[in-house]
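Student:
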Amino acid sequence: MKHILFSIGIAFCTIPLFAQGELDALKYSQHDLRGTARYMSMGGAFGALGGDISTFSQNPAGIGVFRNSEVAATINLSNTKTQTSTSSFGILKDNKFRFTFDNIGYVATFRTNKNDYLNNINIGFAYNRLKSFNRKYKAGYNDIRSSISDYIAVKTDGIPVSDLAITDNYNPYNTQPWLSVLGYESYLIGPAGGDNLYGGVLDYANGGMGNADLFVTEKGRIDEYSFNLGGNILDIAYFGLGIGVMDLHYELNTSYKEYIDWTHVPNGNRGDFDLRTALSTSGTGFNFK
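Residue numbering for the sequence shown follows the numbering used here, beginning at 19 and increasing consecutively.
Printed below as a string of structure tokens:
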């Protein structure tokens, strides 16, 4: 029996991004509980109390509570847990411990003894890590009876072959889905009759089946750099103004592999492939408090 191995590698490519989905908005808007030891011990409930550099991201008036100049820095031991569950391999778990540098800040206090109302003016700067995206997880499937190539074929139905074939005159900026073009050029899908219909690589007529693995790696962070000015009025009222610079970096890499017996590969009964994707997101923003 002759075996043929074919593989697919997708290098990072830049494509137009017209919008983000709701899952992206949720992912980037949810922050971790990170900060000084005092801030974390109170579950982050320091916004109204102030007097802690971690609150610069929440309530700039909290800087007015400081009576003396202060320098603070925090090193945190974090544990990232992931868990996947499939019918083939059951539950797969992964734990990762790492040290992280979560924040550093400085507050300078200037007393105004000659002022009858204003006790002090404070100026501060703080760096706070709001979120870490670092994690890995994997999943496996045995005896798959369908292939991701079937999904690609369905999404490609109706598109003429001439729009998928890469030639000297091929326009990489046309409106055809890149996954369809990649699948066609890599022999994952092929014509399956008239009316521009396509089929996947799995040969169902001969009892095609196989195994699949999924590997996912995420990494990145959301940081904030805060610049605050505030004061204390007769130990009764506290005021503050803050300017924050938000910095976002996020990377997602996935690898989906199938190991299939009985495929539509010419002169062969076996076909393995590796479909890889890479996403990189970065941005900078400003906020005022």
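Just so you know, even glycine gets a beta-carbon here, dropped at the ideal spot from N, CA and C.
Anyone know if the C-beta pair for G238 and H267 falls short of 7 Å?
Tutor: For the purposes of this step, residue 238 is taken as the residue at position 220 of the sequence shown. For the purposes of this step, residue 267 is taken as the residue at position 249 of the sequence shown. Contact: yes.
Student: Suppose you measure from the CA of K20 to the CA of H282; what does that come to, to the nearest Å?
Tutor: Position 2 of the sequence shown, counted from the start, is the residue given in the question as residue 20. Position 264 of the sequence shown, counted from the start, is the residue given in the question as residue 282. Because K20 sits at a pLDDT of 40, beneath the cut-off of 50, its placement in the model cannot be relied upon, and the point is left open.
Student: With respect to the alpha helix (DSSP H) encompassing T174, which residues constitute its N-terminal and C-terminal limits?
Tutor: Residue 174 sits at position 156 when you count from the first residue of the sequence shown. From DSSP, the alpha helix (DSSP H) with T174 extends over I166 to T174.
Student: Can you pull the DSSP bridge partners for R116?
Tutor: Locating residue 116 in the sequence shown gives position 98, counting from the first residue. Partner(s): S96.
Student: Going by alpha carbons, who is nearest to T295 out of E236, L252, N287 and G301?
Tutor: Position 277 of the sequence shown, counted from the first residue, corresponds to residue 295. Cα-wise, what sits closest to T295 is E236.
Student: For the alpha helix (DSSP H) that contains Y202, what are its first and last residues?
Tutor: Here the question's residue 202 lines up with position 184 in the sequence shown. Unbroken alpha helix (DSSP H) run through Y202: W196 to E203.
Student: Between the alpha carbons of D241 and D186, how many angstroms are there, rounded?
Tutor: Translated into the one-based positions of the sequence shown, residue 241 becomes position 223. Translated into the one-based positions of the sequence shown, residue 186 becomes position 168. Near 45 Å, if we compare the C-alpha coordinates of D186 and D241.
Student: Starting from the C-beta of D50, find all residues in its chain whose C-beta is less than 6 Å away, skip the five residues before and the five after it, and write them out in chain order.
Tutor: Counting from 1 along the sequence shown, the entry for residue 50 is found at position 32. So the qualifying residues of the chain are K149.
Student: Output the distance between the C-alpha atoms of D279 and G262, rounded to the nearest integer angstrom.
Tutor: In the sequence shown, residue 279 corresponds to position 261, counting from 1. In the sequence shown, residue 262 corresponds to position 244, counting from 1. One C-alpha to the other measures close to 56 Å.
Student: Quick check: the segment 160-168 against the segment 108-120, are at least 3 beta-carbon pairs closer than 8 Å?
Tutor: No, they do not touch.
Student: Quick one: what does DSSP say P78 is sitting in, helix, strand or coil?
Tutor: Here residue 78 refers to the residue found at position 60 of the sequence shown. Of the three classes helix, strand and coil, the one that applies to P78 here is helix, per DSSP.
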